[in-house]
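> Got a structure for you, written out below as structure tokens; questions coming shortly.
Protein chains: 2
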Amino acid sequence: MTLLSESARHYSRTHAERFRQELHDLLRIPSVSTDPAHAADMRRAAEWLVAHMRGLGLEYAQVMETAGHPVAYGEWLGAGPDKPTVLVYGHYDVVPAEMADGWHTPPFEPVEKDDKIYARGATDDKGQLFIHVKALESYLQTAGHAPVNVKFFIEGEEEVSSPNLVPFIKEHLNMLMADVCVISDTSMRTMAEPAILHSLRGMTYLEVEVFGPTDDLHSGLWGGAVHNPALALVEILGKLYNADNTIAVPGFYDDVVPLTAAEREMIAKTDLSDEQYKQSTGVPAIWGDTNYTIRERISARPTLDINGLWSGWSGPGPKTIVPAKAGAKLSSRLVGNQDPHKIYDQIKSYIESIAPPTVRVEVRLITTGKAALFPFDIPEMQAAAHAYEKGWGATPLFTRGGGSIPVVAEIADLMDIPVVLMGYGLDDDGLHSPNERFSIEMFHRGIETAIVYMEELAGLRS
Amino acid sequence: MTLLSESARHYSRTHAERFRQELHDLLRIPSVSTDPAHAADMRRAAEWLVAHMRGLGLEYAQVMETAGHPVAYGEWLGAGPDKPTVLVYGHYDVVPAEMADGWHTPPFEPVEKDDKIYARGATDDKGQLFIHVKALESYLQTAGHAPVNVKFFIEGEEEVSSPNLVPFIKEHLNMLMADVCVISDTSMRTMAEPAILHSLRGMTYLEVEVFGPTDDLHSGLWGGAVHNPALALVEILGKLYNADNTIAVPGFYDDVVPLTAAEREMIAKTDLSDEQYKQSTGVPAIWGDTNYTIRERISARPTLDINGLWSGWSGPGPKTIVPAKAGAKLSSRLVGNQDPHKIYDQIKSYIESIAPPTVRVEVRLITTGKAALFPFDIPEMQAAAHAYEKGWGATPLFTRGGGSIPVVAEIADLMDIPVVLMGYGLDDDGLHSPNERFSIEMFHRGIETAIVYMEELAGLRS
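So the protein lines, in turn, are chains A and B. Residue numbers are given in my numbering: position 44 of the first sequence equals residue 44, and the series is strictly consecutive. Residue numbers are given in my numbering: position 174 of the second sequence equals residue 174, and the series is strictly consecutive.
Structure below.
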């Protein structure tokens with residue numbers, strides 16, 4: 001380690017409290033990308049990030065428009081053309097959060113308790129993206145320069161599957177061009193076991209709606225001769241799975257690349273016991289395709305989940321109607337080489353093939369994302385491993401992630417550079433759930449690891 | 001017809017406009033009994049009715065407490081003990097209504113258009129109960145007295161299946177005692193075909209909730225090894241019916257009294273064609289147990305409907321969760337001699353028997369109501385038929401109603417008197433639906449018919 005990174009790390013430790021207060025300011029903005037009512041908050045979050053980057057001396061930082069929510073972009077190119085350029089991708093948007101979901105404190109009023117920051121977006125992804133901003137600041141405020149060039153590409157549509165990301169990258173390919181992309185938007189099992197993800201699942205997200213009568217009907221006056229749309233929906237969705245918990249959609253598994261023995265051995269290093277999984281989730285029993293281990297099921301195998309159901313009356317007490325319609329949101333996590341659009345076509349065809357003529361069924365695509373897979377013996381991945389050893393204090397595992405970050409496959413395809421997923425969250429941070437949280441200690445260790453990683457990357461060309 | 005009833009009918013015609021304005025005042029009160037937020041509106045509606053009855057000279061009219069929403073009670077006993085007493089039952093409570101459901105005008109701001117009054121409660125049951133109040137007023141304001149004694153028993157919990165009705169009747173049996181009970185809370189097919197209902201279906205209303213993980217889970221991090229509660233719910237509910245559209249709950253049909261050939265002949269008089277049913281409801285095709293005609297299915301056979309479904313995310317866009325829970329409201333319309341509690345036990349046992357061990361399932365009873373059946377050759381029924389002939393201008397049909405009015409079986413059981421169901425609504429009034437409406441002409445013809453019925457009842461003892 002050099003004096004340069006040592007000074008930066010020291011700075012980051014002495015300014016820890018301020019760094020967190022700044023993160024709180026960002027967490028206070030309810031930048032919920034899934035809800036049109038929060039459009040103004042989205043822009044406010046992007047503007048906050050740009051103002052913050054300008055404050056660090058990134059004079060060309062700017063809010064950049066897309067067809068949807070804007071991108072916050074900033075760059076520091078002071079290391080010069082001889083040094084590598086790292087593109088840091090993150091997202092400032094979050095999923096919805098309401099007190100009624102079970103939050104103990106308001107989701108957009110950050111609270112520090114038991115070494116954790118509680119707030120929607122704390123770990124996914126505001127807290128994690130901010131690590132890189134603070135790492136760069138630590139160099140600039142000590143040496144006045146950093147060992148590599150840094151570009152921040154912070155989008156606002158990750159939680160809605162980044163519909164405008166590909167056009168943005170294509171349009172600004174020169175501006176974004178880099179030698180490696182780093183993303184911190186994933187997690188490790190425990191603080192002692194940092195992980196670098198080399199694989200992510202893709203996604204097909206769709207909506208099914210069943211229509212029956214024109215309006216809700218009085219169930220006493222009309223019930224008995226109308227196919228209740230909620231009944232038709234559950235009859236259809238009740239056929240999504242086979243009795244052995246495999247997905248019943250014809251052709252669904254056709255393009256899945258089988259796991260090799262070596263891969264299964266690697267995955268086994270992070271497998272969970274039934275008890276661990278039950279304790280982490282609270283489920284009464286394990287479920288799924290028993291031909292695969294728990295870790296394989298949740299990271300290396302495709303899924304099909306019902307994310308939401310709605311029909312008729314769900315308020316207190318009885319309401320005696322035959323509802324006019326019923327709907328469901330469905331999403332499938334995909335693995336290589338499943339094509340998200342082909343999977344959508346297969347699910348749509350299957351649902352239409354089992355839909356009865358007594359109702360009208362609509363299937364609509366919401367979003368898709370490709371799966372991604374990188375080798376982990378390349379220099380940029382190995383440099384990351386060294387950064388953890390020096391900056392974090394533990395050797396990382398290379399693992400497969402069960403989630404989907406659409407940008408990963410897109411950046412790899414469009415820019416032809418490796419994407420290194422250095423996640424600083426914990427598996428049980430409760431992202432997308434009530435009481436989302438982020439470890440304060442890991443926030444600060446993440447900053448130090450990011451500082452070292454810049455140095456390691458610079459070393460690849462020294 | 002006597003001069004007495006002629007004068008009353010004339011009065012009702014000349015005061016028609018005011019009668020409707022008064023009804024509008026009652027319709028403006030959002031007395032939604034299913035929603036605790038409307039408790040104050042419930043009391044306001046009861047107080048409005050009592051004040052109105054007092055204004056007609058019913059000096060003992062009063063708001064009477066129950067364990068739930070209050071009863072509005074009033075009596076006029078000036079006909080004396082030699083004359084029959086008629087108990088008029090009605091309900092001032094309504095089901096929920098929101099603009100978002102598809103109302104063209106605000107549900108609690110009555111609008112008159114195309115000879116109809118549009119408002120929640122217009123036909124169910126504020127408009128219909130008000131007919132009897134205005135019939136009595138028409139006698140009192142002309143002759144100064146009516147041909148029979150009249151008691152108004154107007155409850156506020158019909159739409160939540162009258163949980164406090166039986167205790168109230170038992171406690172006030174002497175006060176309520178009468179020779180016949182009249183209820184206007186039902187409908188006819190067309191204005192030319194008035195109907196007297198001699199049968200109503202009972203009800204068992206329950207809620208099923210499926211619990212999986214403690215909180216909503218990120219579907220990417222955890223999906224694949226947890227039995228998605230929404231999936232478990234649809235798998236369970238998908239087994240409610242057999243392939244021939246009969247209900248799969250073991251024992252469900254055991255106590256159903258078979259329809260006789262004579263009854264089926266009577267029901268056939270009001271049967272609907274496939275086209276008529278499709279046009280009235282908007283469904284693409286008829287559904288149900290093909291061993292029975294449409295009218296039999298919707299009035300004389302038991303049903304099992306899903307009234308509501310909820311789970312996870314139903315807002316705009318995607319949310320990639322495995323929901324913590326999923327739920328449904330279910331209700332069964334029952335016929336003689338099905339026992340509502342036995343049916344609940346059967347449904348609960350069936351659901352529990354098919355629930356997998358990978359989730360926790362809760363089944364909860366919400367309400368029950370008994371089915372009712374009366375002979376239609378008794379004097380009180382025949383007097384009602386004559387009242388329609390003279391007051392309405394058409395001979396009524398005696399029909400079976402598919403809906404449930406819990407009070408009917410209870411009054412019959414507890415007071416040992418016949419209940420005559422003289423409904424002044426139309427089948428397509430849209431009760432419990434958006435844009436509920438009540439025919440203005442039928443409102444006024446109903447008042448005249450009610451006036452004549454009082455005279456016909458008096459004649460039974462003359």
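All residues carry an ideal CB built from backbone N, CA and C; glycine is no exception.
Would you please verify whether the beta carbon of Y73/B is less than 9 Å from any beta carbon of chain A?
Not a single C-beta of chain A is nearer than 9 Å to the C-beta of Y73/B.
> DSSP puts V408/A in a beta bridge; with which residues?
According to DSSP, V408/A bridges with nothing at all.
> Checking contacts by CB at 9 Å: is Y350/B closer than that to chain A?
no
> What are the start and end residues of the beta strand (DSSP E) that includes D305/A?
D305 to G312 is the span of the beta strand (DSSP E), which, as asked, contains D305/A.
> When you compare the CB of G393/A with every CB in chain B, is at least one pair closer than 9 Å?
no
> The beta strand (DSSP E) that contains F19/A, what's its start and end?
Note, F19/A: premise wrong, no beta strand (DSSP E); alpha helix (DSSP H) at A16 to L27.
> Out of curiosity, what's the CA-to-CA distance linking F376/B and T399/B?
10 Å
> Along the stretch 29-55 of chain B, what residues have a CB closer than 7 Å to any CB found in chain A?
T34, D35 and P36
> Examine chain B for any beta-carbon lying closer than 9 Å to the beta-carbon of S298/A, and answer yes or no.
A quick correction: the sequence has Ile, not Ser, at residue 298/A. Closer than 9 Å: yes.
> Hey, could you find the ends of the alpha helix (DSSP H) F443/B is sitting in?
I440 to G459
> Apart from the five residues just before and just after D115/A, which ones in its own chain have a Cβ nearer than 7 Å to its Cβ?
S439, I440 and E441
> Does the beta-carbon of R301/B have 16 or more other beta-carbons within 10 angstroms, so that it is buried, or is it exposed?
buried
> What are the boundary residues of the alpha helix (DSSP H) that includes G220/B?
In the DSSP assignment, G220/B falls within the alpha helix (DSSP H) that extends over S219 to W222.
> Check whether the stretch 337-349 of chain B touches the stretch 246-254 of chain B, counting contact only when three or more Cβ pairs, one atom from each stretch, lie closer than 8 Å.
Taking 8 Å as the limit for Cβ pairs, the verdict is that the stretch 246-254 of chain B does touch the stretch 337-349 of chain B.
> For A67/A, count neighbouring Cβ atoms within 10 angstroms of its own Cβ and tell me buried if that reaches 16, exposed if not.
exposed
> Looking at chain A, is there any beta carbon in it that lies within less than 9 Å of the beta carbon of T190/B?
no
> Among residues of its own chain, excluding the 5 on either side of E448/A, which ones have a beta-carbon nearer than 7 Å to its beta-carbon?
R9, S12 and G391
> I need the straight-line Cα distance from S184/B to G423/B, nearest angstrom please.
4 Å
> For G127/B, I'd like the list of residues in its chain whose CB is within less than 7 Å of its CB, leaving aside the five on either flank, ordered along the chain.
Spatial neighbours of G127/B in its own chain (CB-CB distance under 7 Å, excluding positions within 5 residues in sequence) are listed in chain order as L23, I117, F438 and F443.
> Along chain A, which residues have their Cβ under 8 Å away from the Cβ of S433/B?
Ordered by position in chain A, the residues that pass the 8 Å Cβ test against S433/B are D215, D216, L217, H218 and I321.
> Along the stretch 357-382 of chain B, where does the CB come closer than 9 Å to a CB of chain A? Name the residues.
P357, T358, V359, R360, I366 and T367
> Tell me, to the nearest whole angstrom, how far the beta carbon of P30/A is from that of V160/B; I am working on the premise that it is less than 8 Å.
At roughly 36 Å, the Cβ-Cβ gap does not stay under 8 Å, so P30/A and V160/B are not in contact.
> What does the Cβ neighbour count give for I378/B, buried or exposed, with the cut at 16 atoms within 10 Å?
exposed
> Would you report the Cα separation of M266/B and F374/B, rounded to the nearest angstrom?
15 Å
> Under 8 Å Cβ-Cβ, which residues of chain A neighbour R13/B?
In chain order: nothing, as chain A lies at least about 30 Å away.
> From G312/A to T14/B, what does the alpha carbon distance come to, in whole angstroms?
43 Å
> Pull up the distance between the alpha-carbon of A355/A and that of L233/A, whole angstroms please.
9 Å
> Buried or exposed for G80/B, going by 16 or more other Cβ atoms inside 10 Å?
With fewer than 16 Cβ atoms within 10 Å of its Cβ, G80/B is classed as exposed.
> Measuring only between beta-carbons, confirm whether Y92/B sits less than 9 Å from chain A.
no
> Measuring CA to CA, which of A16/B, V407/B and A384/B is closest to M454/B?
A384/B
> Quick one, which of I347/B, P357/B, H69/B and L173/B has its alpha-carbon nearest K151/B's?
Closest by alpha carbon: L173/B.
> At least one CB of chain B closer than 9 Å to the CB of I183/A: is that the case?
no
> Where do the N-terminal and C-terminal ends of the alpha helix (DSSP H) with H52/B fall, by residue?
A39 to G55
> On the three-pair Cβ rule with 8 Å, is the stretch 28-45 of chain A touching the stretch 138-153 of chain A?
no
> Would you say G336/A reaches chain B, if we count a Cβ-Cβ gap shorter than 9 Å as a contact?
Judged by the 9 Å Cβ criterion, G336/A is not in contact with chain B.
> Start and end of the alpha helix (DSSP H) containing Q279/B?
Counting along the chain, the alpha helix (DSSP H) containing Q279/B begins and ends at D274 to T281.
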